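Visitor: Take this structure first; my questions come after.
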Amino acid sequence: MINVVFLGFGNVNSHLLNTLHGTDKITVNQVFNRNYIKMISPFENISFTDDLSKLEEGDIYIIGIPDDAISSFSDSLPFQNKLVVHTSGGVAMDALSSKNRRGIFYPLQTFSKTRKVDFKNIPICIEAENPKDLDLLRRLGETISENVVEIPSEKRAKLHLAAVFVNNFTNHLYQIGSKILKEEDLPFDLLKPLISETASKIETLSPEEAQTGPAKRNDIKTIEKHLHLLGDSPYRKFYELFTEELKQNYGKKL
Ligand SMILES: NC(=O)c1ccc[n+]([C@@H]2O[C@H](COP(=O)([O-])OP(=O)(O)OC[C@H]3O[C@@H](n4cnc5c(N)ncnc54)[C@H](OP(=O)(O)O)[C@@H]3O)[C@@H](O)[C@H]2O)c1
Numbered sequence: 168m169i170n171v172v173f174l175g176f177g178n179v180n181s182h183l184l185n186t187l188h189g190t191d192k193i194t195v196n197q198v199f200n201r202n203y204i205k206m207i208s209p210f211e212n213i214s215f216t217d218d219l220s221k222l223e224e225g226d227i228y229i230i231g232i233p234d235d236a237i238s239s240f241s242d243s244l245p246f247q248n249k250l251v252v253h254t255s256g257g258v259a260m261d262a263l264s265s266k267n268r269r270g271i272f273y274p275l276q277t278f279s280k281t282r283k284v285d286f287k288n289i290p291i292c293i294e295a296e297n298p299k300d301l302d303l304l305r306r307l308g309e310t311i312s313e314n315v316v317e318i319p320s321e322k323r324a325k326l327h328l329a330a331v332f333v334n335n336f337t338n339h340l341y342q343i344g345s346k347i348l349k350e351e352d353l354p355f356d357l358l359k360p361l362i363s364e365t366a367s368k369i370e371t372l373s374p375e376e377a378q379t380g381p382a383k384r385n386d387i388k389t390i391e392k393h394l395h396l397l398g399d400s401p402y403r404k405f406y407e408l409f410t411e412e413l414k415q416n417y418g419k420k421l
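Here our numbering = 1-based position in the sequence shown + 167.
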């Protein structure tokens with residue numbers, strides 16, 4: 168049995184609690200959050216504290232709080248030589264206080280509290296200072312995912328950078344699309360099949376093969392028309408940047 172204590176209860180740790188609770192190899196001993204949280208069904212029997220001095224024993228302490236707060240929070244933990252991990256893609260393992268055994272348990276997915284996720288296919292990126300802890304993290308990961316991979320901090324930082332491009336920036340582009348449609352009273356729903364197909368075709372095509380559009384085809388008149396429609400919109404700079412980048416990528420002269 169692996170005993171887990173969650174430190175912080177935001178998007179990631181609440182999803183991890185949901186998926187780990189109820190597996191027969193894991194016991195969630197406690198949830199800590201700096202502000203009070205009422206543990207609701209089916210978690211009402213899990214101990215909750217907002218007091219670091221009342222933390223219970225655990226084999227693994229999982230910090231799930233904003234990146235910039237991880238380091239000082241780990242310094243403030245009132246114990247030593249326990250396995251303390253964080254869930255961030257972008258924060259190095261050595262940001263954690265060295266008074267404890269350090270590790271990483273980074274689930275490579277986007278998590279929002281209200282949206283259910285299936286961990287089975289989510290890559291869990293692990294790292295630890297010593298082989299025994301790495302093994303424990305692997306066992307923890309394998310109770311929920313079929314894809315547990317050891318990735319050192321420097322590579323994880325690059326992985327996270329790539330993830331920001333394909334997820335956060337892409338999602339922001341959805342917002343831009345949505346706003347452009349709103350100006351014409353058109354529903355965002357019209358774009359959803361296109362968004363779905365764009366995402367699913369990279370299952371069988373490389374991103375390079377999957378690319379389409381006026382910039383790749385070098386359809387200058389269409390590009391000029393789009394720039395005209397954008398006028399002095401704040402989105403113009405993105406359009407110009409992406410168009411330039413795509414043209415260079417596909418070898419077209421400007
Ligand atoms: N969301 C994702 O898609 C995602 C995916 C993979 C990895 N991650 C990583 O997972 C970690 C948590 O992300 P999240 O999205 O779950 O964050 P989040 O939902 O914003 O988490 C907020 C949690 O952190 C606590 N908190 C905030 N500032 C704190 C501080 N200074 N000291 C102590 N606790 C603090 C909050 O407590 P209160 O309730 O008291 O405010 C709350 O429990 C981050 O390192 C992130 O990089 C996120």
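The beta carbon of each residue, even a glycine, is placed where N, CA and C say it ideally should be. Remember, predicted model here, so these are calculated numbers, not experimental data.
Taking a contact to mean a Cβ-Cβ separation below 8 Å, would you say Asn-180 touches Gly-231 in this structure?
Guide: It is a contact, given that the beta carbons lie within the stated cut-off.
Visitor: Can you tell me whether DSSP reads Leu-200 as helix, strand or coil?
Guide: A small fix is needed here, since residue 200 is Asn in this sequence, not Leu. The answer is coil: DSSP assigns Asn-200 none of H, G, I, E or B.
Visitor: Per DSSP, what are the beta-bridge partners of Arg-268 in this structure?
Guide: Answer is Leu-250.
Visitor: What did DSSP end up calling Glu-350 once you bin it into helix, strand or coil?
Guide: The answer is coil: DSSP assigns Glu-350 none of H, G, I, E or B.
Visitor: On the DSSP bridge assignment, give the partners of Thr-194 in chain order.
Guide: Per DSSP, Asn-170.
Visitor: Would DSSP call Pro-274 helix, strand or coil?
Guide: Here Pro-274 sits in strand by DSSP.
Visitor: Shorter than 7 Å, the distance from the beta carbon of Arg-201 to the closest heavy atom of ligand 1, or not?
Guide: Arg-201 Cβ: within cutoff of ligand 1.
Visitor: For Val-179, is the beta carbon positioned less than 7 Å from some heavy atom of ligand 1?
Guide: Result yes, Cβ under 7 Å from ligand 1.
Visitor: Three or more C-beta pairs closer than 8 Å, one from the region 185-197 and one from the region 222-231: is that the case here?
Guide: The region 185-197 vs the region 222-231: in contact.
Visitor: Quick check on the burial criterion: 16 or more other C-beta atoms within 10 angstroms. Buried or exposed for Leu-421?
Guide: With a pLDDT of only 46 at Leu-421, under the threshold of 50, the placement of this residue in the model should not be trusted; the figure read from the coordinates follows. Result: exposed.
Visitor: Please report how far the alpha carbon of Phe-332 lies from the alpha carbon of Ser-243, in whole angstroms.
Guide: Each residue's alpha carbon lies about 33 Å from the other.
Visitor: Let me check understanding here. Comparing Cα to Cα, which of Ile-229, Asn-267, Val-258 lies closest to Ile-318?
Guide: Per the Cα distances, Val-258.
Visitor: Under a three-way DSSP split, which group does Phe-210 fall into?
Guide: Phe-210: coil per DSSP, three-state reduction.
Visitor: Pick out whichever of Ile-271, Lys-266, Leu-263 has its Cα sitting closest to the Cα of Ser-254.
Guide: Correcting the residue identity first, residue 254 is Thr in this sequence and not Ser. Cα-wise, what sits closest to Thr-254 is Ile-271.
Visitor: What residues in its chain sit with their C-beta under 7 Å from that of Ser-345, if we drop five residues either side in the sequence?
Guide: Counting only Cβ-Cβ distances below 7 Å, and skipping sequence neighbours, we find Phe-355.
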